[in-house]
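Peer 1: The structure under discussion is supplied below as C-alpha cells; questions concerning it will follow.
Protein chains: 4
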Amino acid sequence: MRLTMYRVLETSTGKKRGMSLVFNVVLVTIITLNAVAIVLHTVESINRKHAVLFRDFEFFSVMFFTVEYLLRVWVSVENEKYRNPVWGRLRYMVSMSAIIDLLAIFPFYFSLFATDLAIVRILRIFRIFRLFRISRYSHAVRLIQRVVADRKEELVLSVMFILFMLIIVSSIMYYVEHPVQPRTFSSIPATMWWGVNAMATVGYGDIHPITPLGKLLAGIAAMMGIMLFALPTGILTSGFLEHLRLQKGARNYCPHCGKEI
Amino acid sequence: MRLTMYRVLETSTGKKRGMSLVFNVVLVTIITLNAVAIVLHTVESINRKHAVLFRDFEFFSVMFFTVEYLLRVWVSVENEKYRNPVWGRLRYMVSMSAIIDLLAIFPFYFSLFATDLAIVRILRIFRIFRLFRISRYSHAVRLIQRVVADRKEELVLSVMFILFMLIIVSSIMYYVEHPVQPRTFSSIPATMWWGVNAMATVGYGDIHPITPLGKLLAGIAAMMGIMLFALPTGILTSGFLEHLRLQKGARNYCPHCGKEI
Amino acid sequence: MRLTMYRVLETSTGKKRGMSLVFNVVLVTIITLNAVAIVLHTVESINRKHAVLFRDFEFFSVMFFTVEYLLRVWVSVENEKYRNPVWGRLRYMVSMSAIIDLLAIFPFYFSLFATDLAIVRILRIFRIFRLFRISRYSHAVRLIQRVVADRKEELVLSVMFILFMLIIVSSIMYYVEHPVQPRTFSSIPATMWWGVNAMATVGYGDIHPITPLGKLLAGIAAMMGIMLFALPTGILTSGFLEHLRLQKGARNYCPHCGKEI
Amino acid sequence: MRLTMYRVLETSTGKKRGMSLVFNVVLVTIITLNAVAIVLHTVESINRKHAVLFRDFEFFSVMFFTVEYLLRVWVSVENEKYRNPVWGRLRYMVSMSAIIDLLAIFPFYFSLFATDLAIVRILRIFRIFRLFRISRYSHAVRLIQRVVADRKEELVLSVMFILFMLIIVSSIMYYVEHPVQPRTFSSIPATMWWGVNAMATVGYGDIHPITPLGKLLAGIAAMMGIMLFALPTGILTSGFLEHLRLQKGARNYCPHCGKEI
Numbered sequence: 052m053r054l055t056m057y058r059v060l061e062t063s064t065g066k067k068r069g070m071s072l073v074f075n076v077v078l079v080t081i082i083t084l085n086a087v088a089i090v091l092h093t094v095e096s097i098n099r100k101h102a103v104l105f106r107d108f109e110f111f112s113v114m115f116f117t118v119e120y121l122l123r124v125w126v127s128v129e130n131e132k133y134r135n136p137v138w139g140r141l142r143y144m145v146s147m148s149a150i151i152d153l154l155a156i157f158p159f160y161f162s163l164f165a166t167d168l169a170i171v172r173i174l175r176i177f178r179i180f181r182l183f184r185i186s187r188y189s190h191a192v193r194l195i196q197r198v199v200a201d202r203k204e205e206l207v208l209s210v211m212f213i214l215f216m217l218i219i220v221s222s223i224m225y226y227v228e229h230p231v232q233p234r235t236f237s238s239i240p241a242t243m244w245w246g247v248n249a250m251a252t253v254g255y256g257d258i259h260p261i262t263p264l265g266k267l268l269a270g271i272a273a274m275m276g277i278m279l280f281a282l283p284t285g286i287l288t289s290g291f292l293e294h295l296r297l298q299k300g301a302r303n304y305c306p307h308c309g310k311e312i
Numbered sequence: 052m053r054l055t056m057y058r059v060l061e062t063s064t065g066k067k068r069g070m071s072l073v074f075n076v077v078l079v080t081i082i083t084l085n086a087v088a089i090v091l092h093t094v095e096s097i098n099r100k101h102a103v104l105f106r107d108f109e110f111f112s113v114m115f116f117t118v119e120y121l122l123r124v125w126v127s128v129e130n131e132k133y134r135n136p137v138w139g140r141l142r143y144m145v146s147m148s149a150i151i152d153l154l155a156i157f158p159f160y161f162s163l164f165a166t167d168l169a170i171v172r173i174l175r176i177f178r179i180f181r182l183f184r185i186s187r188y189s190h191a192v193r194l195i196q197r198v199v200a201d202r203k204e205e206l207v208l209s210v211m212f213i214l215f216m217l218i219i220v221s222s223i224m225y226y227v228e229h230p231v232q233p234r235t236f237s238s239i240p241a242t243m244w245w246g247v248n249a250m251a252t253v254g255y256g257d258i259h260p261i262t263p264l265g266k267l268l269a270g271i272a273a274m275m276g277i278m279l280f281a282l283p284t285g286i287l288t289s290g291f292l293e294h295l296r297l298q299k300g301a302r303n304y305c306p307h308c309g310k311e312i
Numbered sequence: 052m053r054l055t056m057y058r059v060l061e062t063s064t065g066k067k068r069g070m071s072l073v074f075n076v077v078l079v080t081i082i083t084l085n086a087v088a089i090v091l092h093t094v095e096s097i098n099r100k101h102a103v104l105f106r107d108f109e110f111f112s113v114m115f116f117t118v119e120y121l122l123r124v125w126v127s128v129e130n131e132k133y134r135n136p137v138w139g140r141l142r143y144m145v146s147m148s149a150i151i152d153l154l155a156i157f158p159f160y161f162s163l164f165a166t167d168l169a170i171v172r173i174l175r176i177f178r179i180f181r182l183f184r185i186s187r188y189s190h191a192v193r194l195i196q197r198v199v200a201d202r203k204e205e206l207v208l209s210v211m212f213i214l215f216m217l218i219i220v221s222s223i224m225y226y227v228e229h230p231v232q233p234r235t236f237s238s239i240p241a242t243m244w245w246g247v248n249a250m251a252t253v254g255y256g257d258i259h260p261i262t263p264l265g266k267l268l269a270g271i272a273a274m275m276g277i278m279l280f281a282l283p284t285g286i287l288t289s290g291f292l293e294h295l296r297l298q299k300g301a302r303n304y305c306p307h308c309g310k311e312i
Numbered sequence: 052m053r054l055t056m057y058r059v060l061e062t063s064t065g066k067k068r069g070m071s072l073v074f075n076v077v078l079v080t081i082i083t084l085n086a087v088a089i090v091l092h093t094v095e096s097i098n099r100k101h102a103v104l105f106r107d108f109e110f111f112s113v114m115f116f117t118v119e120y121l122l123r124v125w126v127s128v129e130n131e132k133y134r135n136p137v138w139g140r141l142r143y144m145v146s147m148s149a150i151i152d153l154l155a156i157f158p159f160y161f162s163l164f165a166t167d168l169a170i171v172r173i174l175r176i177f178r179i180f181r182l183f184r185i186s187r188y189s190h191a192v193r194l195i196q197r198v199v200a201d202r203k204e205e206l207v208l209s210v211m212f213i214l215f216m217l218i219i220v221s222s223i224m225y226y227v228e229h230p231v232q233p234r235t236f237s238s239i240p241a242t243m244w245w246g247v248n249a250m251a252t253v254g255y256g257d258i259h260p261i262t263p264l265g266k267l268l269a270g271i272a273a274m275m276g277i278m279l280f281a282l283p284t285g286i287l288t289s290g291f292l293e294h295l296r297l298q299k300g301a302r303n304y305c306p307h308c309g310k311e312i
C-alpha cells in the first residue's frame, strides 16, 4: 500500500499513472487557488466581503498540505535514495523539495502561538514549482535547467560584469551629478538606483541626470547596458542550440551505409 | 464556374493566378482602408468633417464582405476537405478563417436592431490576417509559424515562468512597500502592475519603490526580467536556425561511406 | 590623368591606394566636421560666439563638395558601368550615391535665391555614409548588408506583424481607457503613441492606463512586445550564423585526402 | 625566494597554487571591501558614524596595495616577457595591469600634498578586475574576450551605425519639435539626450515629443532602436556559437575519405 501511495504521490509514469495525474491536477489546483487567494487577500474590498471564505480556505489548504507532507515523508523510503527507515526519511526531510513543502505549512502552526507573519505566507507560492513537475512540461523544464547549468560560469560572469560596471558607472555619475542635484543623487547607493534602471533601460523618471556630462554618461550607460545584457542572451541561445544538436546528434544514421554518424 | 470562382478566391497559385492576385490586392486594399477608417474614425475633428464618408464606406465594406463571405461558403465544397454539399459547407463555416470573416460583418447587422457596439468593430481589423496569405510572404509566414509551433512547449514554459516570477516578486514588493506607500502599492494586484512594467523594463514612472529594500528588489527584478525575456529570444533563435538547417541540410555527408545524406 | 583621379576618388585598392586613403581621410574628416557643425550650430550660446566660423566653414564645405561632385561626374566614365561619355555620366548622376552627394550641396545654392531651409541641411549628414566605404569596415558592412538582404522577407514580415498588433492593441485600449481618460486617450492614433512606447518598452510616462482592465492589457502588450521584437533578433542572428558558415565552408579541406569538404 | 613570491603573486596554477589562491582571496576581499567602503563612504549617516573606521581602512588599504605593488615590480623579472632587471621592470611598470595598480595608490600620496580628488578614488574600484583572474572564471573570461575580439569589427560598426542613426533622428526631431517646445528641445545636442533614451528604450519622461509628426518619428526611432540593438546581440551570439563549435569541432568527418578532421 505504501508503494501504491508512493507511485501516486511521486511518479508521473509507470503504474498508477492515471491516479498520479488526478492527484497532481488536484494538488496544482489547490496551489494555484492558494496563489490567487494570497494575491486577492490584499485587495481591501474583496477581503472585507469574503473574509470567512479566505480563513476557511486557508485552514483547508494547510490541513491538506500537512497530510500530504506526512504521507510524502512516510512513503519516501520507497525511493532508492532514501532506503533507510530512519536516516532515509531524515535525509528526505532536508531535501530542497521537502523543505519548501514544510515552509508552506509551518507559518500557520507558528501563527497559532505568535502574531501573524504576512511575509512567510508568500512561501506557499513557491509550492507552485510543483507545477513544473507535470510530465507534459518536464522535458522543456529539463532542457532549460541543463542549458542554464551548462552555461552557469558564463552567466555568473555576465552578472558579475554587469554589477561591476554598475558600481563604476554609478560612482562616476555620483561625482558628476551630486553637486547639482544633492538630494536625488545623495550618495553612491542612491545613484545605483539610477544606474540599475538606466542599464536595464527601465527609466522610471524619478531620478535622471541634468548636467550635459551626466547626460552623456547616461547615454553611454544605456548603450553599454544593452550590450552587456546581450551577453546572457547570446550565451543562453548558444546553449540551447548545442543541447538541441546533441539530442538530435545521437539519432542520425546514414541512409546509405546505415551507420550512426 | 464555381471552380473558377474557387480558384480566384482561395488559391494563389495554379490557374487563374492573375485574377486571384487582382482580387487579393482589392481585398487587402479594402481591409487596409477599413483599418485606417476604424483608426481615424475616433479622431474627433476628422470624424466631424467626413461623417458621411465614413458611414458610406462602412456600408460599402459590409456589403462587399457579405457578398465575399457568401461566395466563399458557396465555393467551399471545391476544397478537398469540405466535399459534402451540406456538412462540408457547415464545417467550413466553423473554420477559424470563416468565423473571423463572419465576425467582421455580423456587428453591422446586429447594430441595425441593437445599439452600436464599438468594441466589436475592431474584429474587422482581424481580417488583416488575410494580408499574410499573399504568396510573396507565405514562405516567411510558414517559417515563423513552424518555428513557433516547434518550440511551443518551451515558449509556454517561459511565459509561465515569467508569470510565476511576477507573482513572487510582486508579493514580496507589496509587503515591503505597502506600509510606506499604502495608496500606490495598495494590494498585490496593484503591485503586479509595477511588477510587469519593471520586468518588461517599461517603467512608466507612475508607481515605483521608495524604500532602500524596495529599490534593491526592483533592481533585481529588472535584471531578472531581462534574463527571463532572454529565454524566449534564445528559444526562437535556435528554432529558426534548426529550420534553416533542415532546409539546406543537403550538404551533410556520411563519415563512413562518404555519400551525401 | 582622368584614370589617376578615378583611382584616387573611387577605389580603395590597387594603384594609387595611398593617395586614395589620404583623400578618403580628408573627405571623412570634412563630413564629420560638417556633422559636428550642424549639431553645434543649434546650440544658441555656441552659435552666437562662432557665427562667422560656422558661415565660413559652411562656404568652404560646399565649395569642396561641389568640386568633388564635378570631379566624380567627370571620372565616372572610367567605371565599367558608365562607359558612354554622355549617357554613362547621366546614369552615374542618377545613382543613389551621386544623388546623395548632390543633395548635400544643392540646398546651399538654393538658399542663395530663396529663404533658408533648415531641414535640408540634414541631408549633408547622410554623406557620412561614405565613412562606411573605407576598406577597413567594408567587409563588416557587406556582411551586415547581405544578412539583412537575405532575411528581408522575414524582417519585413516581423515589422508588418508588429504594426498589425500595434493597431489591434491600441484599438482595444482606446475603447477601454477613453471613457475614463478622454483627454489622454483621445483617439486611436493618440492611443497608438502609448502602444508603440509600451510594446517597445520605452514608457515615457506621459500616457498610461489607469483602469484595471487597461493595466492588464498594457501588461500583456509589454510582454507581447518583447516576444515580437525577439523575432527580428532571432532572424538576424540566424542570418549571421549562416553567412559565417558559408564563408568558412568554402575554405575547409580534409587533411587526410586533401579534398574540399 | 623571488621565484616563490612570483608564483604566489602572479600564477594561479603549478607550484605554490594553494598559497597563490589564499593570497588572491585576501586581495579580492580587500578590493571588494574597498569598493564597499567607497560606495558607503558617500552615505552621510554612515560616514558620520564610522569616519575613523573609513580613514583607518583607507590607510591600511593603501599600505597593503603599496607593498603589493613594490613586490610585483620586484618579482616581474621572473616573467619571460620582462627578463631584463632594469628595462624589464620598466616595461612591466607601463603594462596596463601595473598602471591600474599604481593609479589605485597614487591619489592617496598625492592628496597628502594637494586637496582631495574624489573622482580619482574610483580608480581603486578598477582593481576589481583582478577578481576575474581567479582560475575558476578564467575560462569564461577568455571565451568572452575572444568572442568580443573576433567580432570587434562588426561590433564597432554596429556602434558607429547606432551613433549615426542617433544623429540623423535627433537632427530631424529637433527641427520638428523645436518650434513647439523651444525649451526642452533647445538644440540638437539636447535632442540627442532624447534620442539616445528613445533608441535604447529607457524613456525617463523628462523630454518627449508632443506634435503628431514628432510622435510618429519617436515611434519609428524606438522600433529602429530595437532593430539596431539586435545587431550586436546577433553578432555576439554567432561569435559564441562559432567558438564553442571550434572547441568541440572534433566531431567533423571528411565526406570523401571518412576520417575525422
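As given, the protein sequences belong to chains D, Z, F and L, one line each in that order.
Here the first sequence is numbered in my numbering, starting from 52 and rising by one per residue.
Here the second sequence is numbered in my numbering, starting from 52 and rising by one per residue.
Here the third sequence is numbered in my numbering, starting from 52 and rising by one per residue.
Here the fourth sequence is numbered in my numbering, starting from 52 and rising by one per residue.
We put the CB at the ideal spot given by N, CA and C, even for glycine.
#1: If you drop the 5 nearest sequence neighbours on each side, which residues of the same chain put their C-beta closer than 8 Å to that of residue 268 (chain D)?
#2: Pick helix, strand or coil for residue 70 (chain F), following the three-state DSSP scheme.
#3: Between residue 218 (chain L) and chain F, is the shortest Cβ-Cβ distance under 8 Å, so that the two count as touching?
#4: Please list, in chain order, the residues of the stretch 234 to 257 of chain L that have any C-beta partner in chain D closer than 8 Å.
#5: Where do the ends of the alpha helix (DSSP H) carrying residue 240 (chain Z) lie?
#6: I'd like to know if residue 95 (chain Z) contacts chain F, where contact means its C-beta is closer than 8 Å to some C-beta of that chain.
#7: In angstroms, rounded to a whole number, what distance separates the CA positions of residue 67 (chain D) and residue 58 (chain D)?
#8: Figure out for me which residue from F:160, F:208, F:86 and F:143 has the closest Cα to the Cα of residue 117 (chain F).
#9: For residue 83 (chain D) and chain F, any beta-carbon pair shorter than 8 Å?
#10: Between residue 49 (chain Z) and chain L, is the shortest Cβ-Cβ distance under 8 Å, so that the two count as touching?
#11: Could you run through the stretch 139 to 163 of chain L and flag, in chain order, every residue whose CB is less than 9 Å away from some CB of chain D?
#12: Suppose you measure from the CA of residue 95 (chain Z) to the CA of residue 244 (chain F); what does that come to, to the nearest Å?
#13: Going by DSSP, what residue range makes up the alpha helix (DSSP H) through residue 100 (chain D)?
#14: Spatial neighbours of residue 97 (chain Z) within its chain, please: CB distance less than 6 Å, with the 5 preceding and 5 following residues excluded, ordered by chain position.
#15: Which bits of chain D does residue 282 (chain Z) rub up against, with CB to CB less than 8 Å?
#16: Would you kindly report the start and end of the unbroken alpha helix (DSSP H) that includes residue 228 (chain L)?
#17: Return yes when the Cβ of residue 279 (chain D) is within less than 8 Å of the Cβ of residue 218 (chain D), no when it is not.
#18: Would you kindly report the start and end of the unbroken alpha helix (DSSP H) that includes residue 61 (chain D)?
#19: Which first and last residues belong to the alpha helix (DSSP H) in which residue 142 (chain F) is found?
#20: Tell me, please, whether the CB atom of residue 112 (chain F) is closer than 8 Å to any CB atom in chain Z?
#21: Determine, for residue 207 (chain Z), whether the minimum Cβ-Cβ distance to residues of chain F falls below 8 Å.
#22: Under 8 Å between beta-carbons, which chain D residues line up against residue 259 (chain Z)? List them in chain order, please.
#23: Can you tell me whether residue 136 (chain Z) is buried or exposed, with buried defined as 16 or more other CB within 10 angstroms of its CB?
#24: Which value, in whole angstroms, describes the spacing of the CA atoms of residue 93 (chain D) and residue 156 (chain D)?
#25: Out of Z:113, Z:254 and Z:89, which one is the CA nearest neighbour of residue 102 (chain Z)?
#26: Touch check for the stretch 287 to 295 of chain D and the stretch 195 to 211 of chain D: three-plus C-beta pairs under 8 Å?
#27: Sort F:61, F:286 and F:266 by Cα distance to residue 128 (chain F) and report the nearest one.
#28: Which residues of chain L have a Cβ atom closer than 8 Å to the Cβ of residue 266 (chain D), listed in chain order?
#29: So residue 128 (chain Z) contacts chain F; which residues on that side make the cut at Cβ distance below 9 Å?
#30: Exposed or buried, which one is residue 230 (chain Z) when buried takes at least 16 other CB atoms within 10 Å?
#31: For a contact meaning CB atoms closer than 8 Å, what does residue 274 (chain D) contact in chain L?
#32: Would you mind giving the Cβ-Cβ distance between residue 275 (chain L) and residue 216 (chain L), rounded to the nearest angstrom? I have them listed as a contact below 8 Å.
Peer 2: By the coordinates alone:
#1: Excluding residues up to 5 positions away in sequence, 220, 223, 224, 227 and 260 lie with their Cβ nearer than 8 Å to the Cβ of residue 268 (chain D) in the same chain.
#2: When secondary structure is reduced to three states using DSSP, residue 70 (chain F) falls in the helix class.
#3: Answer yes: the Cβ-Cβ gap between residue 218 (chain L) and chain F drops below 8 Å somewhere.
#4: Of all residues in the stretch 234 to 257 of chain L, those with a C-beta nearer than 8 Å to a C-beta of chain D are 240, 243, 244, 247, 248, 251, 252, 253, 254, 255, 256 and 257, reading in chain order.
#5: In the DSSP assignment, residue 240 (chain Z) falls within the unbroken alpha helix (DSSP H) covering 239 to 250.
#6: Closer than 8 Å to some Cβ of chain F, the Cβ of residue 95 (chain Z) qualifies, so yes.
#7: Rounded to whole angstroms, residue 67 (chain D) to residue 58 (chain D) spans 6 Å at the Cα level.
#8: For the options F:160, F:208, F:86 and F:143, the alpha carbon positioned closest to that of residue 117 (chain F) is the one of F:160.
#9: It does not: the Cβ of residue 83 (chain D) has no partner Cβ on chain F nearer than 8 Å.
#10: Limits of chain Z in this structure are 52 at one end and 312 at the other, which puts residue 49 (chain Z) out of reach.
#11: Correct list: empty, as no residue qualifies.
#12: Distance from the CA of residue 95 (chain Z) to the CA of residue 244 (chain F), rounded to the nearest whole angstrom, comes to 17 Å.
#13: Start and end: 95 to 100.
#14: Closer than 6 Å at the Cβ level, and outside the excluded window around residue 97 (chain Z), lie 91.
#15: Against residue 282 (chain Z), the close residues of chain D are 195 and 287, in the order they occur along the chain (beta-carbon pairs closer than 8 Å).
#16: Here the alpha helix (DSSP H) through residue 228 (chain L) covers 203 to 228.
#17: For residue 218 (chain D) and residue 279 (chain D), no; Cβs fall outside 8 Å.
#18: Unbroken alpha helix (DSSP H) run through residue 61 (chain D): 53 to 61.
#19: Run containing residue 142 (chain F): 138 to 144, per the alpha helix (DSSP H) assignment.
#20: By this cut-off, residue 112 (chain F) is not an interface position.
#21: No, residue 207 (chain Z) does not count as interfacial toward chain F.
#22: Correct list: 255 and 257.
#23: Under this definition residue 136 (chain Z) is an exposed residue.
#24: One C-alpha to the other measures close to 20 Å.
#25: The residue with the shortest Cα to Cα distance from residue 102 (chain Z) is Z:89.
#26: At 8 Å Cβ cutoff, the stretches touch.
#27: Nearest C-alpha to residue 128 (chain F): F:61.
#28: Per Cβ cutoff of 8 Å: 244.
#29: None at all; the shortest Cβ gap to chain F is about 31 Å.
#30: Under this definition residue 230 (chain Z) is an exposed residue.
#31: The contacting residues are 210, 213, 247 and 251.
#32: With 8 Å as the limit, residue 275 (chain L) and residue 216 (chain L) qualify as a contact, their Cβ atoms being about 6 Å apart.
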